[in-house]
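Q: Have a look at the structure that comes next, please.
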Amino acid sequence: MSTTSAAASSENLTVDDKDAPFSPHFVVVSLGNPAPYENTYHSAGHIALQSLQSLLQRDAAQPKFSSERLGKKSTQTSRGPRYTLLQCPTLMNVSGTWLSKAWREALEQHRGRYPDTPLGLVVVHDDLEEDHHVVKIRPWQRSHRGHNGLKSIMTTMPAPPSGNVQTDPKWAKISLGVGRPANRDPETVADYVLRPLSKFQRESLSEKSGPSLLAALEDVEAAWRSERESGLTTTSSTPAQKGRTKSRR
10 MSTTSAAASS ENLTVDDKDA PFSPHFVVVS LGNPAPYENT YHSAGHIALQ
60 SLQSLLQRDA AQPKFSSERL GKKSTQTSRG PRYTLLQCPT LMNVSGTWLS
110 KAWREALEQH RGRYPDTPLG LVVVHDDLEE DHHVVKIRPW QRSHRGHNGL
160 KSIMTTMPAP PSGNVQTDPK WAKISLGVGR PANRDPETVA DYVLRPLSKF
210 QRESLSEKSG PSLLAALEDV EAAWRSERES GLTTTSSTPA QKGRTKSRR
């Protein structure tokens, strides 16, 4: 193909992309810990993702979780029409190494199968700084605020692509408030986030987190759509990313 023909093809693709309806797919990754700490506040991300899958299963054919090999680890995975849900299989403080590998694999697979469909990445995690069941969208490069899982991720994936808002993936974080004990010494905090949840605590978290997480994901998509329509070249701050708080107590 000649240089002129290639340029014309590229221009036509750009026009088509602008005219096509924006319908992205998201890889949604929850952070937590494996057994024996899966039923704790520090694994609230996993609980929220399981709740989201149950919610979507009724309305959008989101399949149940099953084991797949991703990032060189056996990973609980649910692949639906809009969302691929992944439960990070590693300990919290080393989740970044796994996520960077799993994301590269997911991105390569997606671009091979659906080259015209934008792909986003959302990480769901517990948040000691917010009250119970408060869900917030946070920019990727916002401070980890001492969260070991986010620390690990920021080491391996410090910044999202920002060269072309029309083609680059969208990265975001969604935090799920779990409250904080009155005493802030490290031992008390560690016991709080790693202590097994009661049946009531687990059911309350599961019931309220799924709908709020889905609403936050829709906000992330709306913000991404707005950025593309505006032709922005950075995604550092948008109205939706500053947080539409979901508090359902």
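Numbering (the numbering used here), first residue to last: 10 to 258. The C-beta atom is built at its ideal place from N, Cα and C for all residues, glycine as well. The structure presented is a predicted model; accordingly, all values stated were derived computationally and were not measured.
1) I'd like to know whether the C-beta atoms of Q175 and R237 end up nearer to each other than 7 Å.
2) Can you pull the DSSP bridge partners for D136?
3) Ends of the alpha helix (DSSP H) at L226?
4) Quick check: the region 61–79 against the region 147–161, are there 3 or more CB pairs under 8 Å?
5) With distances taken between CB atoms, is the gap from L94 to L58 smaller than 7 Å?
6) Using the DSSP secondary-structure output, state which residues sit across from R120 in a beta bridge.
7) Per the DSSP calculation, S75 is bridged to which residue(s)?
8) Shortest alpha-carbon distance to S207 belongs to which of S32, Y50 and V38?
9) With which residues is Q96 paired in a DSSP beta bridge?
10) Can you tell me which of R154, F35 and L203 puts its alpha carbon nearest to the alpha carbon of G41?
11) Report the option in P148, W107 and P190 whose CA atom is closest to the CA atom of T165.
12) Per DSSP, which one or two residues make a beta bridge with S34?
13) Let me know the secondary structure DSSP gives T243 once reduced to three states.
14) Tell me the DSSP secondary structure of W180 in three-state form.
15) Which first and last residues belong to the alpha helix (DSSP H) in which V103 is found?
16) Counting only the same chain and skipping the five closest in sequence on each side, list residues whose C-beta sits under 8 Å from that of V131.
17) Give me the Cβ distance between D140 and G54, rounded to the nearest whole Å; I'm assuming they're in contact under 8 Å.
18) Identify, in the order they occur along the chain, each residue of the same chain with its Cβ nearer than 7 Å to the Cβ of G219, setting aside the five sequence neighbours on each side.
19) What did DSSP end up calling W149 once you bin it into helix, strand or coil?
20) Is the separation between the beta-carbon of P127 and that of P33 shorter than 7 Å?
21) Return the chain-ordered list of same chain residues with a C-beta closer than 8 Å to the C-beta of P43, the five sequence neighbours on each side being excluded.
22) Return the CA-CA distance between G121 and D194, expressed in angstroms with no decimal places.
23) Count the other CB atoms, across all protein chains shown, that sit within 10 Å of the CB of Y123; report buried if there are 16 or more and exposed otherwise.
24) Could you tell me the boundaries of the alpha helix (DSSP H) in which N157 lies?
25) When we look at the beta-carbon of A232 and count the other beta-carbons within 10 Å, is it buried (16 or more) or exposed?
A: In this structure, then:
1) As a position in the sequence shown, residue 175 is number 166, starting the count at 1. As a position in the sequence shown, residue 237 is number 228, starting the count at 1. Against a cut-off of 7 Å, the Cβ pair of R237 and Q175 comes out as a contact.
2) Taking the sequence shown and counting its residues from 1, one reaches residue 136 at position 127. The partner list for D136 (beta bridge, DSSP) reads G186.
3) By 1-based counting over the sequence shown, the position of residue 226 is 217. Per DSSP, L226 belongs to the alpha helix (DSSP H) from K208 to S239.
4) no
5) Residue numbering aside, residue 94 sits at position 85 when the sequence shown is read from its first letter. Residue numbering aside, residue 58 sits at position 49 when the sequence shown is read from its first letter. Yes, these two residues count as a Cβ contact at 7 Å.
6) For the purposes of this step, residue 120 is taken as residue 111 along the sequence shown, with counting starting at 1. R120 pairs with nothing; no bridge assigned.
7) What you label residue 75 is simply residue 66 of the sequence shown in a count that begins at 1. DSSP, once it has assigned bridges, lists T86 as partnering S75.
8) Position 198 of the sequence shown holds residue 207. Considering only alpha carbons, the answer is Y50.
9) Counting from one through the sequence shown, the residue named residue 96 turns up at place 87. In the DSSP output, where bridge partners are listed per residue, Q96 has S39 and Q85.
10) Position 32 of the sequence shown, counted from the start, is the residue given in the question as residue 41. The option with the nearest alpha carbon to G41 is L203.
11) Position 156 of the sequence shown, counting from 1, holds the residue named residue 165. Residue W107 is the option with its Cα nearest to T165.
12) As a first step, residue 34 must be located in the sequence shown, where it is residue number 25. Position check: residue 34 holds His in this sequence, whereas Ser was assumed. According to DSSP, H34 bridges with L128.
13) Position 234 of the sequence shown, counted from the first residue, corresponds to residue 243. Any reading at T243 is ruled out, since the residue's pLDDT is 46, under 50, leaving its predicted position unreliable.
14) Here residue 180 refers to the residue found at position 171 when the sequence shown is read from its first residue. Here W180 sits in strand by DSSP.
15) Counting from 1 along the sequence shown, the entry for residue 103 is found at position 94. Taken as a continuous stretch (DSSP letters only), V103 belongs to no alpha helix (DSSP H), as it is neither H nor E.
16) Looking up residue 131 in the sequence shown gives position 122. If we look at V131 and ignore the five residues flanking it on each side, its Cβ neighbours are F35, V36, V37, V38, W180, A181, K182, I183, L226 and V229.
17) Position 131 of the sequence shown, counting from 1, holds the residue named residue 140. Position 45 of the sequence shown, counting from 1, holds the residue named residue 54. Actually they are not in contact, since the Cβ atoms of D140 and G54 sit about 17 Å apart, beyond 8 Å.
18) Position 210 of the sequence shown holds residue 219. Excluding residues within five positions, the ones whose Cβ falls inside 7 Å are A57, S60, L61, S63 and L64.
19) Position 140 of the sequence shown, counted from the start, is the residue given in the question as residue 149. Here W149 carries a coil assignment [DSSP, helix/strand/coil].
20) What you label residue 127 is simply residue 118 of the sequence shown in a count that begins at 1. What you label residue 33 is simply residue 24 of the sequence shown in a count that begins at 1. In this structure, P33 lies closer than 7 Å to P127 by Cβ.
21) By 1-based counting over the sequence shown, the position of residue 43 is 34. Same-chain partners within the cutoff: P98, T99 and L100.
22) As a working mapping, residue 121 is identified with position 112 in the sequence shown. As a working mapping, residue 194 is identified with position 185 in the sequence shown. Straight-line Cα distance between these residues: approximately 49 Å.
23) Residue numbering aside, residue 123 sits at position 114 when the sequence shown is read from its first letter. Y123 should be labelled exposed.
24) Numbered from 1 along the sequence shown, position 148 holds the residue referred to as residue 157. Its alpha helix (DSSP H) spans residues N157 to T165.
25) In the sequence shown, counting from the first residue as 1, residue 232 sits at position 223. Answer is buried; the Cβ neighbour count reaches 16.
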